[in-house]
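All remarks here apply to the structure that follows.
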Amino acid sequence: MAVPVAFFAVFFAYPVSAIVGRGLKTDGTWQFGRVGEVLTRPDILDVLWFTTWQALASTALTLLIALPGAYVFARFDFPGKQVLRAVVTVPFVLPTVVVGTAFLALLGRGGLLDELWGVRLDTTVWAILLAHVFFNYAVVVRTVGGLWSQLDPRQEEAARVLGAGRFAAWRRVTLPALGPAVAAAALMVFLFTFTSFGVVQILGGPAHSTLEVEVYRQTALLLDLPTAAVLTLVQFAAVGAILAVHAVTVRRRERALKLVDPAQTSRRPQGPGQWALLGGVLLTALLLILLPLGVLVERSFDGPGGYGFGYYEALQSAGGSGSTFLVPPLEAVGNSLRYAFIATVIALVVGGLAAAALTRRAGRLVRGFDALLMLPLGVSAVTVGFGFLITLDKPPLDLRTSWILVPLAQALVGVPFVVRTMLPVLRAVDERLREAAAVLGASPLRAWREVDLPLVRRAVLVAAGFAFAVSLGEFGATVFIARPDNPTLPVAVARLLGRSGELNYGQAMALSTILMLVCAVSLLLLERIRTDRSGEF
Amino acid sequence: GCGGSDGTSAGSGASKGSGSKTVTLVTHDSFNASEKVLKQFTKESGYTVELLKSGDAGSALNQEILTKGSPRGDVFFGVDNTLLSRALDNDLFTAYEAKGLDRVADGTEQDDKHRVTPVDTGDICVNYDKKYFADKKLDPPQTFEDLIKPEYKNLLVTENAASSSPGLGFLLGTIAAQGEDGYQDYWKKLKANGVKVVDGWEQAYHEEFSGSAAGKKAKADRPLVVSYASSPPVEVLYADPQPKEAPTGVSTGTCFRQTEYAGLLNGAKNEAGGKALLDFLISRTFQEDVPLNMFVNPVVKDAKLPEIFTEFGETVDKPATVAPEKIAANREQWVQAWHSIAVK
Amino acid sequence: MLSLEAATVRFGKRAALDAVDLEVADHRIVCVLGPSGSGKSTLLRAVAGLQPMDGGRVLLAGQDQAGVPVHRRGLGLMFQDHQLFPHRDVGANVAFGLRMHGAGRAESERRVRELLELVGLPGAERRAVAALSGGEQQRVALARALAPRPRLLMLDEPLGQLDRSLRERLVVELRTLFQELGTTVLAVTHDQGEAFALADRVVVMRDGRIAQEGSPLDVWQHPASAFVARFLGFDNVTPATVTGRAAATAWGKVPVPEGSPQGEVDLLVRPAGVLIGAPEDGLRCTVGVRTFRGNHVTVRLTPENAPVLEAECALRDTPDEGAVVGVRFDEAETVVLAGE
Amino acid sequence: MLSLEAATVRFGKRAALDAVDLEVADHRIVCVLGPSGSGKSTLLRAVAGLQPMDGGRVLLAGQDQAGVPVHRRGLGLMFQDHQLFPHRDVGANVAFGLRMHGAGRAESERRVRELLELVGLPGAERRAVAALSGGEQQRVALARALAPRPRLLMLDEPLGQLDRSLRERLVVELRTLFQELGTTVLAVTHDQGEAFALADRVVVMRDGRIAQEGSPLDVWQHPASAFVARFLGFDNVTPATVTGRAAATAWGKVPVPEGSPQGEVDLLVRPAGVLIGAPEDGLRCTVGVRTFRGNHVTVRLTPENAPVLEAECALRDTPDEGAVVGVRFDEAETVVLAGE
Ligand SMILES: Nc1ncnc2c1ncn2[C@@H]1O[C@H](COP(=O)(O)OP(=O)(O)OP(=O)(O)O)[C@@H](O)[C@H]1O
Ligand SMILES: Nc1ncnc2c1ncn2[C@@H]1O[C@H](COP(=O)(O)OP(=O)(O)OP(=O)(O)O)[C@@H](O)[C@H]1O
Ligand SMILES: Cc1ncc(C[n+]2csc(CCO)c2C)c(N)n1
Ligand SMILES: [Mg+2]
Ligand SMILES: [Mg+2]
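See the structure below:
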């Protein structure tokens, strides 16, 4: 517990409180009056209201659409399942500008809906909500599906023989067992959408704005730190309220469950009902995720002289142009992977330790720490980034210009994922299994390694996948810190998009496609990693 | 090391004492220079340039302000006239009169104490889709006044002045042209004439503007967009094969001029190197490298423009300008007023 | 009520149910016996529709159940490992089936109270299931299965973790209850006493097939095969050649009842039919381990050149260990087994 | 080996272990019997160190175990609900303890093979535990507990889900194994036959206390109280006034053995001591339900104005249901119970 606490104290609590403190303190005295002042501004209240309700709506919609997906991925075997599971995670790494493009192509003028029914959703809230579902589908599918695949199906069978229909059995037996995982996924989706930035701007138009945008504007553009500090506190309050609700609802539901080997629980769908469900989920994934991604891929091949690899070739030659603008794409891939790898390792170590500590201990302090771990998802990257600047400026921690800040900032976002995906599973592990290991001679540490670890293996992989994807796609912090000579893929994409000219745009699409590919392949490889299954003799 | 794979970036600029052979240039994301030119500087002065890019222009400057007194580098480049006052008020820079400062264009020097040195100028202007206007047999608009004429109804797309730099530039342009009293009225008319506001330049240019390659794919339907005067030559430069004529043009009467400055940071570890770098930034070698890397104009009179600029670009004779102090004082209020007219 | 026709379930190559035909008449209590792994639980799961079948049909009240979802079959199943719902307390577990069948709150509270009383856990409604002992959990599972009063109730080792006196009381009460309600019951048990006490008929399974079926008395008195005999705990089984009223065995001549099958067969001598007398009087055996079995003592007797025999005698008649005795056989306790 | 001193475990107000004192000598096999919920599992968990105690001490080989973590106590425990590791196959489950004790791969493979053979699951190493039948899981759990050969092995209903013949074989083999290895064993069982066959001593628990302790024969022949007698399955228990060699009971005068305690006591008549004769000859009873119990039949007899009696008789001597018979009592099968 010491490691995660130290990590969070140094790389989160201290920087963020420093920057907030700087905003709220003038000449050494706290100016709490600012809070009331900002909070009574009607435009800020509008933003707060919109931010909150769109986040709630997005979360609800995401759960609605993704829970059947989680079921299908947990319980059914079908060809291409692993690939599809990796692909639905791809949106996670994409820069929002690029995603905006894809969604506008589908929902906007001349888009699919426009052509078919003359419906345009751009600048409506629907576009925002759908894009949020697009981004966060995988969060639900993976965190919930991870636990689901390990639930003993006989529990549901017990309900069925007592007269419960399929849905009733699910609602009354499986859902309560899944509760903590669903809550964890919902919490993460809420935090992402609550702090949504690019999606709202691009798809909602300038009329829609979130708190996050305001914080960014006040900090990065206007350097109005007092206002930014108040807004950050408001975000804190909102996030804190949600965390409190989460803590209360989850605490009542956490129970030891009989976890089984996931390989035993999935089978080919049987009967028309199950096939229909599978078909429905695949169709949803196709329409909602593959289609937007497809638009990007299509554009990356759609050169001036018809389809071809022109933009990809152009990417290659850009390396030789002798400018600081572009590096060869392979190098950007390498940079991205390196940063993401380090960030993932940090996130896994810090988050894993935190999750292990949180499983065994209870009490107010621990619960508070649990909540603190989630806060990075609810705090603007600018706040953290600027906080770093004013705090990590003294040796031995003068990291302001060090590359390590990039993976550190990314890990800050990865840790909540690790904790939230691992905790529901860890807390479901029956204490008696650990006891069984202990009476067979395993020390507590060994028991953790031999019992908990294999059972949370899936969750760890899911968490690692997310930490990796988050780091791969992170832009807000990376763009502040990344050295110009080693940009990551999203930074390179953003640079290209910042210029006019057909080749620049095409290359941006090509690079985005490469980013998607890198993400999907990495996740697939990650899933192949198997910690010992049958156990060494 | 992981990130700093090559030797030049192995350490941090701030840790280097004076007499170091590295000079750190803190700048924004859009900064670019040819490797060749940077090597040239090393050859001439003996200093190696280390680049530190930190976000867009606004946040790069604000980061410098936050770390004032203990800067991460020696020279900062990238503060423009809309932000200049903030930099100067915060006492960010040490005065230094760069060698060759006499060659810079008139009116670009804004600080008589030489705390900042102008490096480039660029114009934010309305661009138009040539093909659209040719097909419609319509003259493209040339001035701010033209934009509110009924024949240009529903044709213009611009960016959010609250968060986008060209969006703000265009707003400032209208303020310069219409006056502080008139611009609100002008925007009401513009709004009535169907101006569309989107959030960022990328979206406006790639998604809404029918003149761009991406816009064509997206079936964009706005032939007028707020962009840069350099956008047409860039369209030519980054097209394959190169067209004989730029697909887009510039409405030269709708331009707002931005000048970007560099300055020696207060508390720089390598002041000598910083001074050498400032000298270099307005040297002919660097200045002639500027257009093709950052797509803005050199600030010195003796720099030659590349052919692609002279051939496909248009010169802006009377750009609108607003004094930096005035921008600093009124910016938020102007943007708010604009927001309630143009967006809500 | 229930009939299975050639019901087959395969796991990989092995058949857990191998073309099983079974009829259970209305209101009957049938106990399924069989060694561990012989397919008893699989049989119940197949009937419930929880285990997809690789062949054959399940009929309930004459209706083919193919395509009928589990919860519409109107049956109950108590799982071997209980599968109590950890998120619900004891009362809510028991009430679950009632709620699914739309019982009102008062009604269901009353039934829960009754059932918990029946299984000896009065007032346990609000307890967490994780805080129950093993036997208490089993009793809650039993109450939960009984609650909705299904027309066909299947119980998988319902009393396995309970002590004898509780089990005996429950057997009696369950029998009465089932008779009252007219419930048809299919129960798995490994306790023969329970099977005999509870069942109208017993089914002995072996490797996915039915090895014998009949009334308890029938099965006990006339095991169909050496397997069944051994499974029922009889160890005195030996190959024999029957001629008329006598069988030639390794233990010498053994009298057999009238009308026994003739020829090469297996012969069972029940321990009670092994009569211990003076050494000169019959087969000479040395007395080995004596096991005290409550009311009786079983004695292992080792003859010269013949397999060990097991004899049962009253406590006071037990010979000393190491003594040499003579053994005769009681015709009434020998059974000629039809070959495998 | 093991001694408990005033071991106390409370759940809320109720004591699951109430100041239990217990000594288990080296190499002994002790069986713990007791009704469901009487604290048997809690006792084992307390010894293992899995259940924090509210009072008392646990000593192993004379060492107070307070503060000694579970994995250092050098004992084994087989859980009532098995707790197999779901993510490991059968072989890895069994090998787990061996690995924890640093056994080599070849050695551990050999032991696993041996143990799986012992429990009747040869070649099951690579099977998934979720694909095992209930009894198969129990046997894997047993093998897992046996594998590291702990000095004190605790088994919580180790054979409860197995059929009789397998159980009988295992009891014999386990006894031999434990004797060979000199293992001290503390086993919970609800099967009295198992307890008698396996145990050197039995401990009968009641509500967290020890109700009786002794050799199986001892406990069986001289239950210490009406509770123990009833728990062992004897229903013919009644209050009595003993004077000399006779006891006055609701069933009339019953002869008692010489040297029986005198005065107001409880009296037990074993079913075998209820002798059925002609109606005029003794206590008049009506024959009720007859339950076939394998070798014997138990018969419920209803006297006029007295509690029901249970009698045991051989199959051929069984009276018809509804018949009226006369009952006498066999002095050798009556036991005067020391008061509660
Ligand atoms: N975690 C717990 N919280 C509260 N009460 C408990 C807990 N564990 C056991 N008990 C109670 O303690 C008593 C003794 O439980 P224990 O498991 O020792 O019984 P047992 O003798 O093993 O019974 P069984 O034969 O049914 O397994 C029971 O009444 C049980 O309900
Ligand atoms: N899901 C499964 N996958 C593979 N084999 C299985 C599966 N379930 C059961 N089996 C096997 O099928 C056979 C029959 O199992 P079943 O559970 O019906 O046995 P059972 O008669 O109930 O035994 P027990 O008395 O031990 O509970 C066993 O050999 C078992 O290993
Ligand atoms: C609404 C919404 N927008 C973006 C993402 C993509 N994303 C995944 S992690 C992360 C933070 C990295 O700093 C971001 C932006 C999302 N999931 N939800
Ligand atoms: Mg079974
Ligand atoms: Mg127990």
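Chains as they are written, first to last, in this note's numbering: chain A, 1 to 537; chain B, 1 to 344; chain C, 1 to 340; chain D, 1 to 340.
Just so it is clear, CB atoms sit at the ideal spot from N, CA and C, and this is done for glycine as well.
Below-8 Å beta-carbon distance, residue i vs any chain C residue
i	result
D:Phe329	no
A:Gly319	Confidence in A:Gly319 is poor, its pLDDT being 49 and thus under 50, which makes the residue's placement unreliable; the coordinate value appears in the next sentence. Closer than 8 Å: no.
A:Gln274	no
Below-8 Å beta-carbon distance, residue i vs any chain A residue
i	result
D:Val324	no
C:Gly244	no
C:Ala48	yes
B:His114	no
B:Leu52	yes
Any chain D beta carbon closer than 8 Å to residue i
i	result
C:Ala240	no
A:Ala538	Nothing in the structure corresponds to residue 538 of chain A, since chain A is present only between 1 and 537.
A:Glu157	no
A:Gly441	yes
C:Asp81	yes
A:Pro292	no
Residue i - DSSP class collapsed to helix/strand/coil
i	result
D:Pro239	strand
D:Glu23	strand
A:Gly320	Bear in mind that a pLDDT of 47 at A:Gly320, under 50, signals an unreliable position, so the number given afterwards is only what the model happens to contain. In this structure, A:Gly320 counts as helix in the three-state DSSP scheme.
A:Ser58	helix
B:Asn127	strand
B:Glu245	coil
A:Glu115	helix
A:Val521	helix
D:Trp251	coil
B:Lys219	coil
C:Ala124	coil
Closest residue to residue i among the options (Cα-Cα distance)
i	options	result
B:Leu278	B:Ala60, B:Leu61, B:Ile327, B:Thr94	B:Thr94
A:Thr174	A:Leu278, A:Phe103, A:Pro68	A:Pro68
A:Leu48	A:Tyr14, A:Glu37, A:Glu214	A:Glu214
D:Glu157	D:His87, D:Thr238, D:Cys31, D:Val237	D:Cys31
A:Thr232	A:Thr29, A:Val245, A:Tyr216	A:Tyr216
A:Phe194	A:Ser380, A:Glu435, A:Ile404	A:Ser380
C:Arg284	C:Leu309, C:Phe96, C:Pro271	C:Leu309
Start and end residues, beta strand (DSSP E) containing residue i
i	result
A:Gln201	Per DSSP, A:Gln201 belongs to no beta strand (DSSP E); it is in the alpha helix (DSSP H), 198-204.
Minimum Cβ-Cβ distance from residue i to chain B less than 8 Å
i	result
A:Ser149	no
Boundaries of the alpha helix (DSSP H) in which residue i is found, first to last residue
i	result
B:Val343	Element bounds for B:Val343: n/a, residue is neither H nor E.
Entirely within the stretch 151-212 of chain C and at least 3 residues each: give me those beta strand (DSSP E) ranges in chain order. 152-156, 184-188, 201-206
What ranges does the beta strand (DSSP E) occupy inside the stretch 249-302 of chain B, keeping only unbroken runs of at least 3 residues that lie completely in it? none
List in chain order: all unbroken alpha helix (DSSP H) runs of 4+ residues lying wholly within the stretch 71-125 of chain B. 84-89
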